[in-house]
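Numbering-wise, full-length UniProt numbering puts 44 at position 44 of the sequence shown, and it's gapless, one number per residue. No residue lacks a Cβ here, since even glycine has one placed at the ideal position from N, Cα and C.
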Amino acid sequence: MSLAETVVSRFPEPIRSIALKHRELVKFALVGGTCFVIDTVLFFGIKTVVLPNNPVTAKIIATLVATIVSYVLNREWSFRTRGGRERHHEAALFFLVNGIGIVLNSAPLYIARYLFHLQEPHVSRLTEEISDFLSAQIIGTLIAMAFRWYGYKTWVFPEENVRGRGRSIEEEKELGHS
1 MSLAETVVSR FPEPIRSIAL KHRELVKFAL VGGTCFVIDT VLFFGIKTVV LPNNPVTAKI
61 IATLVATIVS YVLNREWSFR TRGGRERHHE AALFFLVNGI GIVLNSAPLY IARYLFHLQE
121 PHVSRLTEEI SDFLSAQIIG TLIAMAFRWY GYKTWVFPEE NVRGRGRSIE EEKELGHS
């Protein structure tokens with residue numbers, strides 16, 4: 001039994017049945033939660049220490065780092081039995097989907113800062129920080145997450161059960177399983 005299944009087995013019914021039925025979504029959500037923490041820590045660290053006058057750039061850098069971690073975790077854990085593409089095509093599509101995700105994730109922050117002027121001196125520092133968090137980390141993340149879930153299942157990892165546990169498409173072809 002995998003770690004995820006062990007954790008899910010402790011959930012109360014009917015949540016347990018739903019989680020087991022939607023394992024892939026649960027794993028995607030756990031990877032997303034992990035990457036959300038990485039993104040949030042990097043975003044506020046970069047925005048505060050390195051690029052205080054460029055929050056959108058800080059957001060893009062943080063999201064890019066979280067995206068790289070996301071690729072590895074999603075490919076090797078969340079969608080490890082899915083595939084249907086050669087590794088370089090899969091990676092290119094993953095980063096294309098995530099490039100669009102970065103735009104979707106950063107757009108609410110851009111709108112809040114530069115269209116609604118939710119930044120100093122137009123608003124207080126506290127209002128600016130709350131706005132940055134809500135627009136970049138909540139609204140942007142939710143929009144990008146929905147798009148990524150659709151994009152991964154539709155374009156990046158389109159076919160179910162084409163890879164064995166942890167084997168790539170290339171390895172499956174060599175073994176004669178594909």
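When C-alpha distances from Phe157 are compared across Leu109, Phe133, Trp77, Pro14, the shortest belongs to Trp77. Looking at the DSSP output, Glu159 sits in a beta bridge with Gly83.
About 6 Å separates the beta carbon of Glu128 from that of Leu118, a gap short enough to meet the 8 Å contact definition. In this chain, the alpha helix (DSSP H) harbouring Lys59 covers 55 to 73.
For Arg113, there is no enclosing alpha helix (DSSP H), since its DSSP letter is neither H nor E. As the crow flies, the alpha-carbon of Phe94 is around 25 Å from that of Ile46. Gln137 carries a helical assignment under DSSP once its states are collapsed to helix, strand and coil.
Here Ser131 is near Ala112, since their CB atoms are less than 9 Å apart.
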